[in-house]
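For reference, the structure discussed in these notes is given below.
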Amino acid sequence: MAGGGEKKEHLYKILVIGELGTGKTSIIKRYVHQFFSQHYRATIGVDFALKVLNWDAETIVRLQLWDIAGQERFGNMTRVYYKEAVGAFIVFDLTRAATFDAVTKWKTDLDQKVQLPDGQPVPCVLLANKCDQPKEGLVNNSSHIDDFCKEKGFIGWFETSAKENINIDESARFLVTQVLQNDRTMKSDEAKDKDVRKLDEDSKPNKAEKKGCCS
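Read in order, the letters of the sequence shown are residues 1 to 215 in full-length UniProt numbering.
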């Protein structure tokens with residue numbers, strides 16, 4: 001490429017999970033296509049979408065967004081769907097308190113079925129969707145959601161509206177920043193491990209020196 005080296009490209013698998021009807025598909029459509037419709041059929045199984053981000057002058061990020069149906073939560077297939085994910089959104093509907101009550105089950109299911117290569121949970125952001133409409137129940141209390149997120153291991157949360165395009169890009173940027181950071185840390189640790197292994201190998205006597213006389 002003219003004017004410098006080639007950009008680094010990253011492909012990341014991101015899950016979008018939560019109860020049926022919380023707006024997962026709407027959030028993805030808004031984020032990827034800048035489009036909103038009131039009329040989506042319920043997702044059956046899993047849908048995919050790809051979002052390409054020119055992250056900075058050196059980096060392109062490709063997000064593979066997996067839109068997993070609300071009714072799939074306790075099916076064995078979710079383990080297959082979750083495989084190799086490096087980040088997740090869990091979505092609930094601010095107008096239906098029961099969808100918030102279900103968030104803990106989704107987070108537990110996620111943490112049990114997928115981890116990062118170092119064994120840590122994948123970074124997960126909670127999306128309180130449909131914030132353009134009247135809220136129901138405890139979700140009126142943002143400090144309650146702050147405490148809940150700390151307790152359950154979310155890296156953060158956002159009030160979102162796919163309809164009004166509120167905090168869709170911001171929440172995605174927040175998650176991708178964490179994913180990139182984790183990726184760099186892991187690559188740096190791998191490089192250190194390789195250096196240590198190489199030092200170990202270099203410091204070992206070679207086979208010719210090790211041979212004894214008891215053949």
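Idealized CB from N, CA, C, for every residue including glycine.
query	result
Pick helix, strand or coil for His33, following the three-state DSSP scheme.	helix
Going straight from the alpha carbon of Ser143 to that of Pro121, what length do you get?	24 Å
Using DSSP's beta-bridge definition, name the partner residues of residue 234.	Only positions 1 to 215 of the chain appear in this structure, which leaves residue 234 out of reach.
When we look at the beta-carbon of residue 233 and count the other beta-carbons within 10 Å, is it buried (16 or more) or exposed?	The question about residue 233 has no answer, for the chain in this structure spans 1 to 215.
Can you list, in chain order, the residues of its chain with a C-beta nearer than 7 Å to that of Pro123? Leave out the 5 residues immediately preceding and following it.	Gly87, Ile155, Leu175, Gln178, Val179 and Asn182
Helix or strand or just coil, what does DSSP make of Leu175?	helix
From which residue to which residue does the alpha helix (DSSP H) around Ala98 run?	Ala97 to Asp101
Using DSSP with H/G/I as helix, E/B as strand and the rest coil, what is His144?	helix
Use the C-beta contact count for Val52: other C-beta atoms within 10 angstroms, 16 or more gives buried, fewer gives exposed.	exposed
Can you grab the Cα-Cα spacing for the pair Val91 / Lys7, in whole Å?	32 Å
Where does the unbroken alpha helix (DSSP H) through Thr78 begin, and where does it stop?	Met77 to Tyr82
Please check the pair Tyr12 and Val80, which I expect to be a contact at CB under 8 Å, by giving their CB distance rounded to whole angstroms.	Rounded, the Cβ-Cβ distance is 18 Å, inconsistent with contact.
DSSP on Leu110, reduced to helix/strand/coil?	helix
Okay, do the segment 155-175 and the segment 127-135 touch, 3+ Cβ pairs below 8 Å being the bar?	yes
In whole angstroms, what is the alpha-carbon distance linking Thr104 and Asp118?	23 Å
On the DSSP letters alone, give me the boundaries of the beta strand (DSSP E) that Leu126 sits inside.	Cys124 to Asn129
First and last residue of the beta strand (DSSP E) that includes Ala162?	Segment: none, Ala162 is in no beta strand (DSSP E) and carries neither H nor E.
Assuming Val32 contacts Ile68 (C-beta within less than 8 Å), just tell me the rounded distance between them.	Actually they do not touch by this definition, with Cβ atoms about 16 Å apart.
Using alpha carbons as the reference points, say which of Phe100, Asn165, Ala57 and Glu190 lies closest to Gly21.	Phe100
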